[in-house]
């Protein structure tokens with residue numbers, strides 16, 4: 006930290022392992038060396054969103070207000086933005102009800118802490134991260150990643166044992182551990198030697214005498230420092246080491262047994278006061294305690310004195326108005342030993358006192374939600390629902406959507422009125438959606454479609470479809486729910502709910518295979534939305550239209566125009582959840598149309614959406630656009646680095662599997678650079694298509710020139726149902742891989758079969774998925790097919806393809822098209838043109854090290870004009886050489902992986918061109934023309 010680099014230490018261990026004590030000792034020692042120390046913590050009950058950062062931010066807010074720090078937001082000071090994070094109501098902010106930028110909030114926190122660290126080294130001590138919510142963990146990750154050059158030491162404690170061991174925290178620590186300066190320290194239990202040292206100090210006895218009791222205490226405490234201390238406290242009251250020697254050790258199964266002995270020393274009245282204190286919290290205000298019981302001020306103060314004397318509670322240094330339990334386990338022990346009926350009554354009393362007498366207390370809304378929820382059995386469910394809902398709205402307002410969703414979910418479970426319950430469920434589902442928990446959002450929305458009134462059912466179906474789309478799921482179930490919902494309401498184009506449902510139905514139809522119907526439905530929804538003049542409604546309709554599949558699969562100009570309109574609308578209305586999808590499809594269509602100037606805007610808008618919404622998927626997509634730009638320019642090293650970034654980012658998404666997409670991106674790089682040869686020894690040609698992505702396996706066989714396996718797999722794909730690929734974003738790539746295989750195998754039958762499918766994309770570039778694979782112009786594939794089939798105007802198609810490549814500003818695609826054009830010219834004997842086109846292709850390929858293109862430029866054996874007399878095609882020469890070897894039609898067909906009928910047709914053509922009366926004369930012709938090796 007002193008050398009100017011950020012350090013992070015995650016201190017883990019079981020409850021009572023000494024994590025808090027270690028953190029306190031380190032922080033205190035550093036504080037004495039003129040280091041700024043900010044402390045924050047999490048609590049198990051309802052806390053503020055973004056705990057444990059609220060306390061550190063609250064500590065530095067006065068200085069920020071006094072001497073405002075300039076930040077990126079400009080017109081909104083850092084202190085104003087951070088008031089929301091610290092839990093101050095005056096800090097609530099938003100734009101037209103829309104969630105404000107996550108990046109804005111996170112940057113404000115980072116700017117503030119960096120400013121503190123610039124004045125003196127900063128220690129940020131965060132306790133009990135296992136109770137932190139997803140928003141807090143996102144802020145933690147953001148802070149660590151952006152303070153590497155700061156004098157900051159972040160110390161964070163967390164539990165490593167169930168049930169507190171939290172998967173989101175574990176995932177966050179794993180993600181951050183890859184960064185420099187991030188370490189993990191898991192505290193092990195104390196051993197006999199450690200406990201011996203402890204007893205020597207506490208009991209004042211020599212080491213030899215402490216050894217035997219230490220062994221017993223190690224067995225009874227499990228080496229847990231907190232349990233050890235509490236055991237020793239009890240033993241001290243009963244004779245210390247002498248009690249151990251007399252066999253009087255109380256062997257607790259949990260800390261409750263150690264505390265029960267001390268609780269039993271309290272009077273019933275004093276014990277009830279302590280139970281009430283435990284209900285208030287780990288740290289409890291004396292004022293609330295004095296206001297809650299009926300026993301009077303003197304009795305409460307006497308109870309506190311007795312509890313302090315017994316070591317049950319303690320007074321924090323410098324906190325005259327509060328007491329605390331020495332450990333969370335101590336408080337939990339008191340709660341566990343309190344009868345459930347008394348706990349419920351205590352929660353009700355505390356809630357009533359806070360509500361009536363403490364309007365300005367910290368976390369008032371959250372605390373009331375917690376206490377009324379615990380006391381709801383006393384007829385207080387309505388108040389619990391009220392405060393849970395208010396807590397959820399506060400969390401949503403500062404973008405803590407995961408926290409908000411859980412609060413609304415709990416409120417809905419307590420709501421007694423069915424209509425209110427369904428509204429709360431819909432609100433919870435929306436927050437789950439905004440927090441990217443699409444699975445839970447779908448579960449709740451689908452439930453509401455079975456319980457709500459007609460209007461509510463439609464809204465739930467809309468939410469369900471949105472969550473399906475974001476998870477990339479087929480639309481069949483969404484179509485069912487939306488269709489049923491629309492039947493229950495009037496088909497009124499002036500009703501915004503009807504228009505939204507219509508737009509959602511259109512998208513769902515497109516992802517369930519009904520693309521033509523989807524086109525009509527989404528177009529109507531956009532038309533109705535425009536007529537109503539509602540920007541929010543128009544944005545929803547445009548988003549459904551932009552993200553729906555169209556017929557033909559890509560009508561990029563229509564979608565590009567609507568995506569551009571949606572981008573402009575989202576920025577104008579600050580609806581940045583609409584900006585992400587709009588920017589993504591605008592970028593895709595810019596590539597399809599050969600208009601690369603829009604890629605930079607798409608990349609920037611996706612980053613803006615990611616920062617605004619906290620949804621890392623948009624950052625991932627922005628990286629995909631960057632990959633596209635590197636690939637088009639032939640900057641393969643940079644493209645590979647981007648792939649590495651995308652792989653790491655994708656792994657952080659948990660259930661969102663991006664491994665397949667990333668693998669395809671890497672494959673496309675490696676096939677252009679010749680790196681696929683490295684895996685040739687791993688490929689047998691006998692791989693089971695069911696265990697792989699068959700189109701990708703076919704592409705690999707083609708590039709490695711494994712003719713037999715490629716032919717078998719191509720036939721396997723054609724014989725199986727290709728329609729399952731048609732209405733997916735991967736279909737253009739699947740089709741391109743199949744055409745490449747057919748061209749490699751010179752299989753005219755398959756090429757003829759695939760041509761009309763490729764013709765759907767004529768005049769556009771081909772892309773698979775979200776920039777997973779870039780193939781360039783469909784016209785160059787059509788030109789190659791027509792060249793193989795000896796039909797049409799391949800020259801015109803190659804010319805159109807090259808124009809698209811130039812417009813796309815891609816030297817890689819230009820080299821690919823020129824190489825395909827050169828192959829066509831070689832096939833048909835235009836020697837002068839062949840040399841010119843080949844030279845242009847080779848120049849580009851050599852400058853970019855395009856190994857695949859250079860390989861394509863090598864003419865195959867027997868391809869020169871001198872070896873192709875009488876107008877014989879390359880395929881006919883192959884058939885003729887096999888015929889001369891004495892093979893029959895069936896054997897020739899098997900060898901060349903064509904049908905027997907096709908082989909017979911080739912032989913008839915050969916006889917006609919060579920004037921051979923029979924097969925023997927054709928063989929003699931081949932020998933005399935030097936066609937045999």
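Residue numbers (my numbering): 6 to 938.
The C-beta atom is built at its ideal place from N, Cα and C for all residues, glycine as well.
- Annotation: residue 300 to residue 126 spans about 49 Å, alpha carbon to alpha carbon.
- With a cutoff of 8 Å on beta-carbon distance, residue 62 and residue 87 are scored as near each other.
- Just measuring C-alpha positions, the residue of 478, 430, 840 and 476 sitting nearest residue 461 is 430.
- Cβ contact annotation for residue 359 (same chain, cutoff 8 Å, sequence separation greater than five): 293, 366, 369, 372, 373 and 376, in chain order.
- With respect to residue 698, residue 738 sits apart: the two C-beta atoms are not nearer than 8 Å.
- The beta carbon of residue 155 sits closer than 6 Å to those of 11, 119 and 122, all from its chain and outside the five residues before and after it, given in chain order.
- By the neighbour-count criterion, in which 16 or more other beta carbons inside 10 Å mark a residue as buried, residue 580 falls on the buried side.
- Not a single unbroken stretch of the beta strand (DSSP E) spanning 3 or more residues falls wholly within the stretch 855-928.
- For residue 548, the closest of 508, 409 and 152 by C-alpha to C-alpha distance is 508.
- One thing to note: residue 327 has its Cβ within 8 Å of the Cβ of residue 288.
- Its chain contains 644 and 779 as the residues whose beta carbon lies nearer than 6 Å to that of residue 636, once the 5 sequence neighbours on both sides are disregarded; these appear in chain order.
- Excluding its 5 nearest sequence neighbours in each direction, residue 438 has C-beta neighbours in its own chain below 6 Å: 446 and 472, listed in chain order.
- The Cβ atoms of residue 530 and residue 546 sit closer than 8 Å to each other.
- Listed in chain order, the beta strand (DSSP E) runs fully inside the stretch 578-620 amount to none, counting runs of at least 3 residues.
- Residue range 157-164 is occupied by the beta strand (DSSP E) that includes residue 157.
- Residue pairing by DSSP puts residue 770 in a beta bridge opposite 782.
- Remark: C-beta atoms of residue 208 and residue 245 approach each other more closely than 8 Å.
- Spanning the alpha carbons of residue 684 and residue 858 requires a straight line of approximately 19 Å.
- Counting other Cβ atoms within 10 Å of its Cβ, residue 895 stays below 16 and is therefore classed as exposed.
- In the three-state scheme derived from DSSP, where H, G and I count as helix and E and B as strand, residue 210 is classed as coil.
- Note that the C-beta distance between residue 854 and residue 678 is below 8 Å.
- Looking at the DSSP output, residue 329 sits in a beta bridge with 288 and 319.
- Less than 8 Å separates the beta-carbon of residue 55 from that of residue 405.
- Straight-line measurement puts the Cα of residue 741 at about 13 Å from the Cα of residue 769.
- Nearest neighbour of residue 786 by Cα position, chosen from 303, 812, 576 and 757, turns out to be 757.
- One Cα belongs to residue 457, the other to residue 597, and the distance between them is close to 43 Å.
- Looking at the DSSP output, residue 191 shares a beta bridge with 17.
- Under the criterion of beta carbons closer than 8 Å, residue 91 and residue 66 qualify as touching, at roughly 6 Å.
- Taken atom to atom, the span from the alpha-carbon of residue 911 to that of residue 731 is near 33 Å.
- Rounded to whole angstroms, the separation of the alpha carbons of residue 416 and residue 575 is 32 Å.
- Under a 10 Å Cβ-count criterion, residue 346 is classified as exposed, with fewer than 16 other Cβ atoms of the shown protein chains found around its own Cβ.
- Secondary structure at residue 56: coil, using DSSP grouped into helix, strand and coil.
- Each residue's CA atom was taken as its position, placing residue 239 and residue 225 some 13 Å apart.
- DSSP, read as helix, strand or coil, puts residue 131 in strand.
- Beta bridge pairing from DSSP links residue 12 with 158.
- With respect to residue 407, residue 194 sits apart: the two C-beta atoms are not nearer than 8 Å.
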